[in-house]
Amino acid sequence: MANRPPLRAGSHQAGDEVSEKKQRQPAPDFRTGVRRAADEANVAVNDYERALVLGQVAELLAAHPRIGGRIAFKGGAVMTLFDGSPRLSRDLDAVLVSGGRITEATVREALSPPGDNKVVKRVDRFVTSDNKGIRFPVVVCHPLSGQGEVHLMLSINWSSPLLCDPESGTFQIGKRTVSLRIMARRERLAEKIRAFLDRGEDRDAFDLAHYMQVGLRPDEWAALSGLVHEKMRIDHDLPAGCDLHALFDQRLDEIGPVWGMRGGLVLMREKLSWNEVRPRIVALKPHVPRSKP
Numbered sequence: 005m006a007n008r009p010p011l012r013a014g015s016h017q018a019g020d021e022v023s024e025k026k027q028r029q030p031a032p033d034f035r036t037g038v039r040r041a042a043d044e045a046n047v048a049v050n051d052y053e054r055a056l057v058l059g060q061v062a063e064l065l066a067a068h069p070r071i072g073g074r075i076a077f078k079g080g081a082v083m084t085l086f087d088g089s090p091r092l093s094r095d096l097d098a099v100l101v102s103g104g105r106i107t108e109a110t111v112r113e114a115l116s117p118p119g120d121n122k123v124v125k126r127v128d129r130f131v132t133s134d135n136k137g138i139r140f141p142v143v144v145c146h147p148l149s150g151q152g153e154v155h156l157m158l159s160i161n162w163s164s165p166l167l168c169d170p171e172s173g174t175f176q177i178g179k180r181t182v183s184l185r186i187m188a189r190r191e192r193l194a195e196k197i198r199a200f201l202d203r204g205e206d207r208d209a210f211d212l213a214h215y216m217q218v219g220l221r222p223d224e225w226a227a228l229s230g231l232v233h234e235k236m237r238i239d240h241d242l243p244a245g246c247d248l249h250a251l252f253d254q255r256l257d258e259i260g261p262v263w264g265m266r267g268g269l270v271l272m273r274e275k276l277s278w279n280e281v282r283p284r285i286v287a288l289k290p291h292v293p294r295s296k297p
């Protein structure tokens, strides 16, 4: 999805052999294109279109005058939209860059702009706001495919300050280009390593393997160890002084036997085997401090 239209139905690259009959056929409408793309990716329509709806919701927040200049997006949705990850996330995560806390009322205002083309239908369930951030467990959105509803979770964190200047990136929704401010990739990788140590979930392992597959620039690699050290220093879930290398190995041992059995991974391609994933994650271990700072 990154830097290209996620739905290419009805178009072809130069040099493709397309019959004159096919050239005369009209391109499918956007909804049909979404459903067709989901079929081609071998995932449920709801899971496929959620990735694009997450982008739409991010665009709404970025456009709001009291939110857009103060946050940067991160997490699995950013990996899908900007890093080309085949993992389809259910969450939209952002971090506060500047200013005071963002209120529930301000977020609700951003999600309900004037006009007829509504993205969000309603916000369900109890919204929580505390010293860590604000969390909307269920945001119900209109589907791009025209089928059912799309549910997602939205959170804005303000307990962990950014360590690097945010980056800008673009992605496509149909023929429209969307620009967002996102957490720097090297910091997103450092934060994913912290998440892997904290909770050791399948999605964390997959994301780390994907980062290793696409690679980082030399300057990003050079900064990674320092960023991981700082992420672990401000981490509140692990006790100071705990053996992080032992915990790293423990997480690998916990995930390996149940890899692909617990669900929770929605991928637009065949899942990698643990024998493919594990060595990529192990290569990151030297960037982890031996004990929690």
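Numbering (this note's numbering), first residue to last: 5 to 297. All C-beta atoms in this analysis are idealised placements derived from N, C-alpha and C, irrespective of residue type, glycine included.
In this chain, the alpha helix (DSSP H) harbouring residue 223 covers 222-237. Distance check between residue 257 and each of 279, 73, 241 places 279 closest, using alpha-carbon atoms only. The Cβ neighbour count for residue 249, taken over all protein chains shown within 10 Å, is under 16; the residue is labelled exposed. Annotation: the continuous alpha helix (DSSP H) that includes residue 196 extends over 189-203.
For residue 151, the number of other beta carbons within 10 angstroms of its own is below 16, and it is reported as exposed. Here residue 201 is near residue 251, since their CB atoms are less than 8 angstroms apart. As far as DSSP is concerned, residue 85 takes part in no beta bridge. Here DSSP, grouped into helix, strand and coil, assigns residue 174 to strand.
Its chain contains 5, 55, 91, 92, 93 as the residues whose beta carbon lies nearer than 7 angstroms to that of residue 84, once the 5 sequence neighbours on both sides are disregarded; these appear in chain order. Of the candidates 180, 38, 62, 130, 38 places its Cα closest to the Cα of residue 51. Out of 223, 186, 168, 268, the CA that lies nearest to the CA of residue 66 is found in 186. The region 69-84 makes contact with the region 96-105; the number of CB pairs closer than 8 angstroms reaches 3 or more. Looking at 282, 238, 190, 253, the one whose alpha-carbon comes closest to that of residue 222 is 190.
Secondary structure of residue 70 (DSSP, three-state): coil. Per the coordinates, the alpha-carbon of residue 283 lies some 32 angstroms from the alpha-carbon of residue 156.
A straight-line Cα-Cα distance of about 16 angstroms links residue 269 and residue 261. The beta-carbon separation of residue 148 and residue 115, rounded to 17 angstroms, does not stay under the 8 angstroms limit for a contact.
By alpha-carbon distance to residue 167, the top candidate from 118, 188, 245 is 188. The C-beta distance from residue 143 to residue 158 rounds to 5 angstroms, short enough to fall under 8 angstroms.
In the displayed model, residue 289 falls within a helix according to three-state DSSP. Shown here, residue 155 sits in a strand according to DSSP, grouped into three states. For residue 64, the secondary structure class from DSSP, reduced to helix, strand or coil, is helix. Within the DSSP bridge table, the entry for residue 246 names no partner. In terms of Cα proximity to residue 277, the closest of 293, 290, 259 is 259. In summary, residue 208 is buried, with 16 or more beta-carbon neighbours lying within 10 Å of its beta-carbon over all protein chains present.
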